[in-house]
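*Asks:* Could you have a look at this structure, given as structure tokens, before my questions?
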Amino acid sequence: MQYKKVTHVLFDLDGLLIDSEKLYTEAFETVCAKYGKTFTWEIKSTLLGFQGYECADKIIETLNLPLTRDEFMDECQKVYEKIFVNVQLMPGAQKLVDHLHSKGVPIALATSSSENSIEMKMQNHKSFLKHFHHLTMGSSDPEVTKGKPDPIIFLVCASRFPDKPKPENCLVFEDAVNGVKAACAANMQVVAVPDPRIDKEQLRNATLVLNSLEEFKPELFGLPSYD
Numbered sequence: 026m027q028y029k030k031v032t033h034v035l036f037d038l039d040g041l042l043i044d045s046e047k048l049y050t051e052a053f054e055t056v057c058a059k060y061g062k063t064f065t066w067e068i069k070s071t072l073l074g075f076q077g078y079e080c081a082d083k084i085i086e087t088l089n090l091p092l093t094r095d096e097f098m099d100e101c102q103k104v105y106e107k108i109f110v111n112v113q114l115m116p117g118a119q120k121l122v123d124h125l126h127s128k129g130v131p132i133a134l135a136t137s138s139s140e141n142s143i144e145m146k147m148q149n150h151k152s153f154l155k156h157f158h159h160l161t162m163g164s165s166d167p168e169v170t171k172g173k174p175d176p177i178i179f180l181v182c183a184s185r186f187p188d189k190p191k192p193e194n195c196l197v198f199e200d201a202v203n204g205v206k207a208a209c210a211a212n213m214q215v216v217a218v219p220d221p222r223i224d225k226e227q228l229r230n231a232t233l234v235l236n237s238l239e240e241f242k243p244e245l246f247g248l249p250s251y252d
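In the working numbering, the protein residues as written are 26 to 252.
Shown next, in the form of structure tokens:
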């Protein structure tokens, strides 16, 4: 496989840089169980990459919950406030982000999460967030009009670098099928680091699929290699 040289890097957050997907699952399971419903991986796998309200709508519809979108999100929020303080960085995340930042590679965050959600999840990782030139937070950003797999979040994120790189000069890191689809639709190369339960056939359009960020070799894409 021939990889094209890139100049800028865009990162998803949940499930890629931080191990938060299992905490979202815990919250959804907790709220659904109150109404005698079971939140399963089959449902979860369809939500990865969605914005918060999209997840709420899909869960309510699939499980026929007697809640409005706002009621469901409010109940989840109460669980988030208890558990998100404990979120950990994924293996290899600190090393890769530190490395790219130290070598002067422009990096940014393109996450479906809202600003409030980021503040809650990253309260113990503020120094890590400072390495990013900017954060594009889909659920609270007026320019991000649709969730992934629509490419808008990556196009908006790239446009906010001062030198406004072309999409083909950007590399995206994602964990979700919808995120991979969004990056491809934006005409960007994409490295997928998926949940091992995701069918690899669904990731066939990814430029590269890894088991962990620890496996990534920056020089493949013309980026400075690890010393």
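Positions of the beta carbon are idealized from the N, C-alpha and C atoms, including for glycine.
This structure is a prediction, so every number in the text was calculated from the model and none was measured.
1) Measure how close the beta-carbons of Gln214 and Leu196 come, nearest whole angstrom, since I'm counting them as under 8 Å.
2) At which residue ranges does the stretch 30-56 contain complete beta strand (DSSP E) runs of 3 or more residues, listed in the order of the chain?
3) Which ranges would you report for the beta strand (DSSP E) in the stretch 112-168 if only whole runs of at least 3 residues count?
4) List the endpoints of the continuous alpha helix (DSSP H) containing Glu106.
5) Apply the 10 Å Cβ neighbour rule to Gly247 and answer buried if 16 or more other Cβ atoms are within range, or exposed otherwise.
6) So the beta strand (DSSP E) Leu90 belongs to, where does it begin and stop?
7) Determine contact between the stretch 206-223 and the stretch 81-88, defined as no fewer than three beta-carbon pairs at a distance below 8 Å.
8) Nearest to Ile177 by alpha carbon, out of Leu38, Thr136 and His159?
9) Is there a Cβ of chain B sitting closer than 7 Å to that of Asn212, yes or no?
10) According to the Cβ coordinates, are Val19 and Thr55 closer than 7 Å?
11) For Leu233, which of helix, strand or coil comes out of DSSP?
12) What first and last residue would you give for the beta strand (DSSP E) that runs through Ala217?
13) If I follow the unbroken alpha helix (DSSP H) through Glu67, where does it start and stop?
14) In terms of alpha-carbon separation, which member of Val112, Glu106 and His156 lies closest to His124?
15) Under the DSSP definition of a beta bridge, which residues are partnered with Phe241?
16) Decide if Val218 is buried, meaning its Cβ has at least 16 other Cβ atoms within 10 Å, or exposed.
17) Going by alpha carbons, who is nearest to Leu42 out of Asn230, Val205, Asp200 and Pro221?
18) For Lys146, count neighbouring C-beta atoms within 10 Å of its own C-beta (all shown protein chains included) and say buried if the count is 16 or more, exposed if not.
19) Can you tell me whether DSSP reads Phe246 as helix, strand or coil?
20) Going by DSSP in three states, Phe179 sits in which element: helix, strand or coil?
*Replies:* Answer, in terms of the structure:
1) Taking a contact as a CB-CB distance under 8 Å, the pair Gln214 and Leu196 counts as one, their CB atoms being some 5 Å apart.
2) Here the runs fully enclosed are 33-36.
3) Runs of the beta strand (DSSP E) lying entirely within the stretch 112-168, each at least 3 residues long, are 132-136 and 160-162 in chain order.
4) Counting along the chain, Glu106 sits inside the alpha helix (DSSP H) bounded by residues Arg94 to Ile108.
5) Exposed is the call here.
6) Following the DSSP letters along the chain, one finds Leu90 in no beta strand (DSSP E), marked with neither H nor E.
7) Per the Cβ contact rule, the stretch 206-223 is not in contact with the stretch 81-88 (fewer than 3 Cβ pairs under 8 Å).
8) For Ile177, the nearest C-alpha among the options comes from Thr136.
9) The structure shown contains no chain B; it holds only a single protein chain.
10) An answer regarding residue 19 cannot be provided, because it is not within the stretch 26 to 252 covered by the chain.
11) Leu233: strand per DSSP, three-state reduction.
12) First-last of the beta strand (DSSP E) with Ala217: Gln214 to Ala217.
13) Under the DSSP assignment, Glu67 falls in the alpha helix (DSSP H) whose first and last residues are Trp66 to Leu72.
14) With distances taken between CA atoms, His124 lies nearest to His156 out of Val112, Glu106 and His156.
15) For Phe241, which the question treats as bridged, DSSP gives no partner whatsoever.
16) With 16 or more Cβ atoms within 10 Å of its Cβ, Val218 is classed as buried.
17) Minimum Cα distance to Leu42 is reached at Asp200.
18) Here Lys146 is buried, its C-beta having at least 16 other C-beta atoms within 10 Å.
19) Here Phe246 sits in helix by DSSP.
20) Helix at Phe179.
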